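Sequential numbering from 1 applies to the sequence shown in UniProt numbering.
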Amino acid sequence: MSFQASLSRRDELSPPDIDRRTSFIAAWTIQCAIGIIAVALRFWARSMLKTRRKYGWDDWIMLLTLLIYISGTVLAIFIGINGGTRHLAYIQPASHAVYVFKLHQITQPFGIMASGTGKISVAFLIMRFLPKTGKWRQRFLWVLVLITFVQSVTTSIFNFTQCDPVAALWDPALRPTAKCWDPAVNANYGIFGAAWGCAFDIILATMPVSIIWKLQLSLRKRLGIIALLGSGVFGAIVTAIKAKELELIKNRSDFTWVRVTSFDSSVLILQPH
1 MSFQASLSRR
11 DELSPPDIDR
21 RTSFIAAWTI
31 QCAIGIIAVA
41 LRFWARSMLK
51 TRRKYGWDDW
61 IMLLTLLIYI
71 SGTVLAIFIG
81 INGGTRHLAY
91 IQPASHAVYV
101 FKLHQITQPF
111 GIMASGTGKI
121 SVAFLIMRFL
131 PKTGKWRQRF
141 LWVLVLITFV
151 QSVTTSIFNF
161 TQCDPVAALW
171 DPALRPTAKC
181 WDPAVNANYG
191 IFGAAWGCAF
201 DIILATMPVS
211 IIWKLQLSLR
221 KRLGIIALLG
231 SGVFGAIVTA
241 IKAKELELIK
251 NRSDFTWVRV
261 TSFDSSVLIL
271 QPH
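As structure tokens, this is what we get:
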């Protein structure tokens, strides 16, 4: 069924009118609040250091990640308030459905970029612990950082270059004369990005073990740092779930519901390292 048909057809075959507004907004706002607290504590702890250089690139990039995520959270709240967490058939009138569809499309890059910059911040944090003899690890992490940055930016750009004119992405009235990609193209690239993110999370979680273990710290502190950095494994699990759910985005007939399903199953976890 097409996007336009979904707007006009409601019968016995239609799904029930369920609004997932509460869980959708809660998922974004709770994690946003956790991120704000974690980043605030991070900067407070850095300010207590008795060193000349208290803050590093990892801190500023994590702050940027938080600002991006806060912006995405604001848009997510607008989506929920405007009924964008229901099945498309129940979002009326059609002009309002187009507006909601547009909000979903605009929100997506914020999650993509926050995920990428969050991983990059962790990579820079690991570089802080690397000894001067660990140049190969430095180069390796730089390659991963550059690939992640390019992947995040291109995915965000592709989100808006799928159709010419771009408004055809959220306005079905423009589709007949618009030039659009097959939805599978963007979905497949998104799956690749999620798979890459999963691999990057695993690398970031495992690489520090040998480095931290050699530091002249107490066993308790070393284990604590390893456990904190190793929490990226959870991020890898979330990313793997996201890769699976991205298959659903190929279906545009009930786009609002599909997008909320994708967000609910894999909403970004800010890593407060």
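For glycine and all other residues, C-beta sits at the position ideal for the given N, C-alpha and C. A quick note: this is a predicted structure, and the numbers were derived from the prediction, not measured.
CB contact flag (residue i, residue j, <7 Å)
i	j	result
V145	A123	yes
G193	T155	yes
I91	V98	no
D201	K179	no
G116	L66	no
S71	F43	no
W181	K102	no
I30	G80	no
A114	I68	yes
residue 282	W257	In the structure as shown, the chain starts at 1 and stops at 273, and residue 282 therefore has no counterpart that could be examined.
CA-to-CA distance, residue j to residue i, given in whole angstroms
i	j	result
G84	S23	13 Å
R259	H104	8 Å
C32	T73	7 Å
K54	T148	26 Å
C198	Q108	18 Å
A167	F129	47 Å
P208	A45	21 Å
A187	I112	13 Å
I120	D59	11 Å
A89	Q151	34 Å
D254	P16	13 Å
I61	A94	40 Å
L204	I191	20 Å
A40	Q138	28 Å
L49	F78	40 Å
L64	V153	15 Å
residue 291	Y189	Examination of residue 291 is not possible in this model, given that the chain is present from 1 through 273 alone.
R21	I106	18 Å
N159	T177	19 Å
T161	S210	43 Å
D19	R175	27 Å
P183	N82	25 Å
T261	L141	33 Å
T206	W57	21 Å
A38	S47	14 Å
Residue environment, residue i, which counts as buried when at least 16 other CB atoms sit within 10 Å
i	result
V185	exposed
R52	exposed
L125	buried
P172	buried
W196	buried
W136	exposed
A76	buried
A27	buried
H273	Any reading at H273 must be qualified, since the residue scores a pLDDT of 45, below 50, and its modelled position is unreliable; the value itself is stated next. Buried, because 16 or more other Cβ atoms sit within 10 Å of the Cβ of H273.
Residue i: CB within 6 Å of a non-hydrogen atom of the ligand GTP
i	result
A178	As far as ligands go, the structure on display features none, and thus does not contain the ligand GTP.
Problem set entry | Completely contained beta strand (DSSP E) runs for the stretch 123-205, where each covers 3 or more residues | none
Exercise. Which ranges would you report for the alpha helix (DSSP H) in the stretch 78-109 if only whole runs of at least 4 residues count?
Worked result: Counting only runs of 4 or more, we get nothing.
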